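This report refers to the structure that appears directly beneath it.
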């Protein structure tokens, strides 16, 4: 009971952040939600309550196809991030504390660098006259520069994976760190091979971290349109780019809003699913 | 520690206050090149103000920024002819008092009498530059000068061309296919243009979205040929790049840019002074030095060599009539859908 009384004391502390989310998140989103049911005629929004925009998104191959294509890219990026971040986090956790702190810090330092700069850096690396092509030609592996490095799905996946990899590294690292060492020792005592130890003990216990990280990356990639514009090729249109131009001169705000909301629903669904998986997997230690 | 904290809180406040005082700032939202220091700096000096510019790459950016409430941020915009009607009908720009813009009389009669930037007898835009959307090409990679838009479809340049990431590319291809009014296509015609665009797509290395991006594509050896703007050719030439520009025999689309004052601006006076200043032949010359765009004031010719004046088509109605100028597209939503379908295919 005492704890409850204390909590009541602290409620006002929530005020700033509640106001913040109310004014800057909930209010604009509500307006956007309302607009997604409107009609538009030339330059005027006509308040209505029509599901047409949503129907259009789901039935036109242009929009539904692009949604699927974007999901595919997001899944690809999430997978790359997990494959890169998990071994790194596993390695970090087994280092002596001082070294571990330093390396962990270095791994997340790129988060401090602007997203745009990181995209442009990849343009310099992957271009026809870029670092990678020059190097490959210099060591004699290729004669001609390889054009497919840049402005391709490869470039897009690589850039987004690099940009978001730290979002997987952090939760995986912290979930691995929380696994008590003696569990591994106990497994070894019971004649588990290192591989079995990883598969039966470490992996399951670190799953919440993986799920959290992958969900982050998936959601962030779904809405991205900048990387696709900068390093993607003519084939790599993402749904975010379409939302962006629907909000342009053509003034198709209701349709753009409907797409945005469908994406938001998918993201929220995923987050709650991830939350549930995380809860199921969580083991009291 | 606490003092540090207070200071940290106060600092942004001081910065904000600092912005309130001092000379007024004129905020421009313009195409690249339209606020170059070579003419913005003398303006600042003459009228004791500051000029800041935000550059846009596509018409969408103009419309989105202003429509979403940019009136508080921007004073002046420089949209092209295909967006004028939407800005005026959306009540986003101010009717102009031409008495405050005496240099309007210097404009070529064609531009004084334009109807596209007027409504109900009121003038909403003052034209200051125009030009074509030509082919820009790398002379080292493209041996003979392309004479037709067909060159963009040449298999030798597969994955070596760039076109603008905007329905404006659709207008050019429609023109090449022989449609006289690319801005009023019906569904059947749009479908045909779409098929042609899908033929073009495997040739495309990158859909460019800003002039700066296309310049980099050329410099980094990513593309050999592009649907572009004269500004792009000019800046590449200034970088010493071996570049050529051509208006193919089927003609080209063209654009006319007008200054418009954003509704609700705090600096209407200053904005009018800017428009007037931009029509002085001296400024027109500086503008054309940066962009290679055609001046709208014929008097500019007196400041240029005869050859350059000829190249810029000053007072050259035959060239002007050869271009199909971007116009208001009634069915823009459908055009955009087709364009997105091409990109998504």
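Chains as they are written, first to last, in my numbering: chain A, 325 to 609; chain B, 1055 to 1399.
Cβ atoms here follow ideal geometry from the backbone N, Cα and C, with glycine treated the same way.
Here the structure is a predicted model, which is why all the values come from computation and not from measurement.
When DSSP builds the beta bridges, which residues end up paired with residue i?
| i | result |
| --- | --- |
| residue 1315(B) | 1130(B) |
| residue 1215(B) | 1258(B), 1279(B) |
| residue 1107(B) | 1082(B) |
| residue 364(A) | 369(A) |
| residue 1372(B) | The partner list for residue 1372(B) (beta bridge, DSSP) is empty, contrary to what the question assumes. |
| residue 1349(B) | 1183(B) |
| residue 1380(B) | In the DSSP output, where bridge partners are listed per residue, residue 1380(B) has none listed. |
| residue 1310(B) | 1184(B) |
| residue 1298(B) | 1191(B) |
8 Å is my cut-off, CB to CB: does residue i come that close to chain A?
| i | result |
| --- | --- |
| residue 1394(B) | yes |
| residue 1386(B) | yes |
| residue 1248(B) | no |
| residue 1275(B) | yes |
| residue 1272(B) | no |
| residue 1113(B) | yes |
| residue 1207(B) | no |
| residue 1059(B) | Reliability of the predicted coordinates at residue 1059(B) is poor, the pLDDT of 46 falling under 50, and the value obtained from them is presented with this limitation in mind. By this cut-off, residue 1059(B) is not an interface position. |
| residue 1071(B) | The predicted model places residue 1071(B) with a pLDDT of 49, which falls under 50 and marks its position as unreliable; any figure quoted below should be read in that light. For residue 1071(B), the answer is no, since every Cβ of chain A falls outside 8 Å of its Cβ. |
| residue 1239(B) | no |
| residue 1263(B) | yes |
| residue 1118(B) | yes |
| residue 1176(B) | no |
| residue 1137(B) | yes |
| residue 1144(B) | yes |
| residue 1391(B) | yes |
Quick one: Cα of residue i to Cα of residue j, how far?
| i | j | result |
| --- | --- | --- |
| residue 1219(B) | residue 1335(B) | 33 Å |
| residue 1159(B) | residue 1152(B) | 9 Å |
| residue 1209(B) | residue 1233(B) | 24 Å |
| residue 1225(B) | residue 1347(B) | 20 Å |
| residue 1236(B) | residue 1167(B) | 23 Å |
| residue 1088(B) | residue 354(A) | 38 Å |
| residue 1353(B) | residue 1333(B) | 10 Å |
| residue 1131(B) | residue 426(A) | 50 Å |
| residue 510(A) | residue 412(A) | 24 Å |
| residue 1267(B) | residue 1196(B) | 20 Å |
| residue 1058(B) | residue 1273(B) | Its pLDDT being 49, under 50, residue 1058(B) is placed unreliably in this model, and the value from its coordinates should be taken loosely. When rounded, the distance between both Cα atoms is 48 Å. |
| residue 1376(B) | residue 399(A) | 50 Å |
| residue 1278(B) | residue 415(A) | 47 Å |
| residue 1078(B) | residue 1325(B) | 11 Å |
| residue 491(A) | residue 523(A) | 23 Å |
| residue 1390(B) | residue 343(A) | 38 Å |
| residue 373(A) | residue 1102(B) | 52 Å |
| residue 1193(B) | residue 1146(B) | 43 Å |
| residue 531(A) | residue 564(A) | 30 Å |
| residue 593(A) | residue 389(A) | 20 Å |
| residue 1118(B) | residue 1298(B) | 34 Å |
| residue 1316(B) | residue 1081(B) | 10 Å |
| residue 1250(B) | residue 1212(B) | 15 Å |
| residue 1187(B) | residue 1280(B) | 10 Å |
| residue 451(A) | residue 463(A) | 17 Å |
| residue 442(A) | residue 516(A) | 43 Å |
| residue 1182(B) | residue 1310(B) | 8 Å |
| residue 533(A) | residue 597(A) | 14 Å |
| residue 538(A) | residue 406(A) | 7 Å |
| residue 408(A) | residue 504(A) | 24 Å |
| residue 1060(B) | residue 595(A) | Because the pLDDT of residue 1060(B) is 46, which lies under 50, any placement of that residue in the model is unreliable, and the number read from its coordinates should be weighed accordingly. Near 38 Å, if we compare the C-alpha coordinates of residue 595(A) and residue 1060(B). |
| residue 465(A) | residue 1231(B) | 44 Å |
Hey, is residue i's beta-carbon within less than 8 Å of any beta-carbon in chain B?
| i | result |
| --- | --- |
| residue 341(A) | no |
| residue 400(A) | no |
| residue 371(A) | no |
| residue 571(A) | yes |
| residue 553(A) | yes |
| residue 453(A) | yes |
| residue 561(A) | yes |
| residue 389(A) | yes |
So residue i and residue j are supposed to be a Cβ contact under 8 Å. How far apart are they, rounded?
| i | j | result |
| --- | --- | --- |
| residue 1138(B) | residue 1312(B) | 6 Å |
| residue 497(A) | residue 428(A) | 7 Å |
| residue 1304(B) | residue 1372(B) | Not quite, the Cβ-Cβ distance comes to about 16 Å (not below 8 Å), so this is no contact. |
| residue 1285(B) | residue 1099(B) | Between residue 1099(B) and residue 1285(B) the Cβ distance is about 25 Å, and since that is not below 8 Å, they are no contact. |
| residue 471(A) | residue 556(A) | With a Cβ gap of about 14 Å, residue 471(A) and residue 556(A) do not count as contacting. |
| residue 1134(B) | residue 1380(B) | 5 Å |
| residue 1355(B) | residue 1369(B) | 7 Å |
| residue 487(A) | residue 439(A) | 6 Å |
Requested in this report: Just list the beta strand (DSSP E) runs in the segment 505-566 of chain A, keeping only unbroken ones of 3 residues or longer that don't cross its boundaries, in chain order.
Outcome: none
Report task. Go through the segment 1139-1219 of chain B residue by residue and report every complete run of the alpha helix (DSSP H) that reaches 4 residues or more, in order. Result -> 1163-1166
Query - Ranges of the alpha helix (DSSP H) found wholly within the segment 426-514 of chain A, counting only runs of at least 4 - result: 439-450, 455-462, 477-501, 505-513
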